[in-house]
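So the structure is just underneath, and the comments pick up after that.
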Amino acid sequence: MYIFKFVTLFVLVIILVLLIGCGGDDSPTRPPLTTGTIEITATTTGDTLDKNGYTVTLDGADSLALDPNGTTRFEDIEAESHDVTVSGIQVNCDLGGEVSRTVKVEGGETAIVNFSIECLPALFNRIVFHRETSEGDFDLFTMNPDGSQEIILENNNRLSLFASLSPRGTQVAFQDNVDGNSEIVLMNVDGSGYTQLTNNDIYDGSVPSWSPDGSKIAFSSYREGDSEIYVVNADGSNVRQLTDNETFDSGPDWSPSGEEIVFTSGPSGNRSIFLMN
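Under my numbering, the very last position in the sequence shown is 359; numbers go up by exactly one each time.
What follows is the structure, encoded as structure tokens:
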């Protein structure tokens, strides 16, 4: 009887040891994931999209190409906050929101960044000019620098002259005969958005010129009795007279910095070139 109890106790101890051994977890503990992924998507709508796409930069260092309507990824990124910046957006396009976005990466997860861009119709590497038609009026045309692909831009049976393309390539400023009077007008390059910038009974016109940032337009006007140089905001506000003399001032054009304007001045047949702030 004693031997039976001893054997029974021994067997129970063995079973208990086996159960404890089987219940243990011999697999090593996995360290927490410390990296993740950033997925960047661009959605571009409108007209005259940039076929070359954009560039996205991570924390001011690593960069990737991003198609206008595409997706790219930064992988194995440390699990912390990062800055994603988009660049290379074409001048006729506007980004919705900031160019730089802060995103928090969690270990083993994918953080999402979306950039939305809208583009306006634009003319790049094109020449805009006026020409007299068979009806005796002047219309606006555009063509490639080699003279090919000539397209009529504006046809209103009036005297449309001296076209000047905006720096963004989206608008044209020109002199137009409005109600029998010459005025400075704007028009989108797709023919929409015809807007009259000046409105008076005196001749305004003669080669309107855009400032480099596209915010202002310089032009000449006879509103003071002789031709003087004026500047107006691109929305038609804040018309200012820049010159005031008894000679003929015309043909204003901006310096690349936008801080100076060059123009011609003097009596007919004896004009000189001047520069002013």
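Built from N, CA and C at the ideal position, the CB exists for glycine as well.
*So what does DSSP say about Phe86, is it helix, strand or coil?*
Taking the first residue of the sequence shown as 1, we reach residue 86 at position 4. Annotation note: pLDDT 48 at Phe86 (below 50); position unreliable, coordinate value reported separately. Three-state result, Phe86: helix.
*For Gln172, count neighbouring Cβ atoms within 10 angstroms of its own Cβ and tell me buried if that reaches 16, exposed if not.*
Your numbering for residue 172 matches position 90 in the sequence shown. The residue in question, Gln172, is buried, as its Cβ has 16 or more Cβ neighbours within 10 Å.
*Answer with buried or exposed for Tyr276, where buried requires no fewer than 16 other C-beta atoms within 10 angstroms of its C-beta.*
By one-based count along the sequence shown, residue 276 stands at place 194. Result: exposed.
*Counting only the same chain and skipping the five closest in sequence on each side, list residues whose C-beta sits under 7 Å from that of Phe88.*
The residue labelled residue 88 in the question sits at position 6 within the sequence shown. Unreliable placement is indicated for Phe88, whose pLDDT of 49 sits below 50; no coordinate value is reported for it.
*What's the call for Ser347, buried or exposed, on a 16-neighbour Cβ count within 10 Å?*
Residue 347 sits at position 265 when you count from the first residue of the sequence shown. The residue is buried, with at least 16 neighbouring Cβ atoms inside 10 Å.
*Whole beta strand (DSSP E) elements within the region 308-357, 3-residue minimum*: Entirely contained in the region 308-357, the beta strand (DSSP E) runs reaching 3 residues are, in chain order, 310-315, 330-336 and 343-348.
*How close, in whole Å, do the beta carbons of Pro290 and Gly340 come, if the pair is a contact with beta carbons under 8 Å?*
Locating residue 290 in the sequence shown gives position 208, counting from the first residue. Locating residue 340 in the sequence shown gives position 258, counting from the first residue. With a Cβ gap of about 15 Å, Pro290 and Gly340 do not count as contacting.
*Nearest-angstrom Cα separation, counted from Asn151 out to Gly128*: Position 46 of the sequence shown, counted from the first residue, corresponds to residue 128. Position 69 of the sequence shown, counted from the first residue, corresponds to residue 151. So the alpha carbons of these two residues sit roughly 12 Å apart.
*asked:* Are the CB atoms of Ile266 and Val314 within a distance shorter than 9 Å?
replied: Taking the first residue of the sequence shown as 1, we reach residue 314 at position 232. Taking the first residue of the sequence shown as 1, we reach residue 266 at position 184. Yes, the Cβ-Cβ distance between Val314 and Ile266 is below 9 Å.
*Mark Thr252 as exposed unless 16 or more other C-beta atoms lie within 10 angstroms of its C-beta, in which case mark it buried.*
One-based indexing of the sequence shown puts residue 252 at position 170. Buried, since its Cβ has 16 or more Cβ neighbours within 10 Å.
_Please identify the residue among Phe156, Asn327, Ala316 and Trp292 whose C-alpha is closest to the C-alpha of Glu306._
Residue numbering aside, residue 306 sits at position 224 when the sequence shown is read from its first letter. Of the listed residues, the one whose Cα sits closest to Glu306 is Asn327.
*Whose CA, out of Gly118, Gly218 and Val210, lies closest to the CA of Asn226?*
Here residue 226 refers to the residue found at position 144 of the sequence shown. Residue Val210 holds the alpha-carbon nearest to the alpha-carbon of Asn226 among Gly118, Gly218 and Val210.
*Given 8 Å as the limit, is there contact between the region 211-222 and the region 240-248, that is, 3 or more CB pairs closer than that?*
yes
*asked:* Suppose the cutoff is 7 Å on Cβ atoms and the five residues either side in sequence are ignored; what does the same chain contact list for Met83 look like?
replied: Numbered from 1 along the sequence shown, position 1 holds the residue referred to as residue 83. For Met83, the predicted model reports a pLDDT of 49, less than 50, meaning its position is unreliable and no value from the coordinates is stated.
*First and last residue of the beta strand (DSSP E) that includes Gly128?*
If you number the sequence shown from 1, residue 128 lands on position 46. From DSSP, the beta strand (DSSP E) with Gly128 extends over Thr117 to Gly128.
*Taking Cβ positions, are Tyr136 and Phe223 nearer each other than 9 Å?*
For the purposes of this step, residue 136 is taken as residue 54 along the sequence shown, with counting starting at 1. For the purposes of this step, residue 223 is taken as residue 141 along the sequence shown, with counting starting at 1. It is not a contact, given that the beta carbons lie outside the stated cut-off.
*Once you ignore the five residues that flank Thr154 on each side, which residues in its own chain have a CB closer than 6 Å to its CB?*
Taking the first residue of the sequence shown as position 1, residue 154 is located at position 72. For Thr154, where only same-chain residues beyond five positions count, the Cβ hits under 6 Å are Ile122, Leu146 and Leu148.
*If you scan the region 211-292 from start to end, which runs of the beta strand (DSSP E) of 3 or more residues do you find wholly inside it?*
Correct list: 220-225, 233-236, 243-247, 253-260, 263-270 and 286-292.
*Out of curiosity, what's the CA-to-CA distance linking Thr139 and Pro203?*
Taking the sequence shown and counting its residues from 1, the one referred to as residue 139 is at position 57. Taking the sequence shown and counting its residues from 1, the one referred to as residue 203 is at position 121. Rounded to whole angstroms, the gap between the alpha carbons of Thr139 and Pro203 is 27 Å.
*Given that a residue counts as buried once 16 or more other Cβ atoms are within 10 Å of its Cβ, and exposed if not, what is Ala193?*
In the sequence shown, residue 193 corresponds to position 111, counting from 1. Buried, because 16 or more other Cβ atoms sit within 10 Å of the Cβ of Ala193.
*Straight-line gap, Ile174 to Arg250 (C-alpha atoms, nearest Å)*: As a position in the sequence shown, residue 174 is number 92, starting the count at 1. As a position in the sequence shown, residue 250 is number 168, starting the count at 1. Sequence check: residue 174 is Asn here, not Ile. Cα-Cα distance, rounded: 5 Å.
_Beta bridge counterpart(s) of Leu177 as assigned by DSSP_ = The sequence position of residue 177 within the sequence shown is 95, counting from 1. Answer is Ile199.
*Out of Ser332, Leu357, Glu200 and Gly333, which has the shortest C-alpha to C-alpha gap to Glu342?*
Taking the first residue of the sequence shown as 1, we reach residue 342 at position 260. Cα-wise, what sits closest to Glu342 is Leu357.
_So if DSSP puts Tyr136 in a beta bridge, which residue, or which two residues, is it bridged to?_
The residue you call residue 136 lines up with position 54 of the sequence shown. For Tyr136, which the question treats as bridged, DSSP gives the partners Leu148.
*Would the beta-carbon of Ala316 fall within 9 Å of that of Ser302?*
Here residue 316 refers to the residue found at position 234 of the sequence shown. Here residue 302 refers to the residue found at position 220 of the sequence shown. Contact: no.
*In terms of residue numbering, what span does the beta strand (DSSP E) encompassing Ser297 cover?*
Locating residue 297 in the sequence shown gives position 215, where the first residue counts as 1. Neither: Ser297 is in no beta strand (DSSP E) and is coded neither H nor E.
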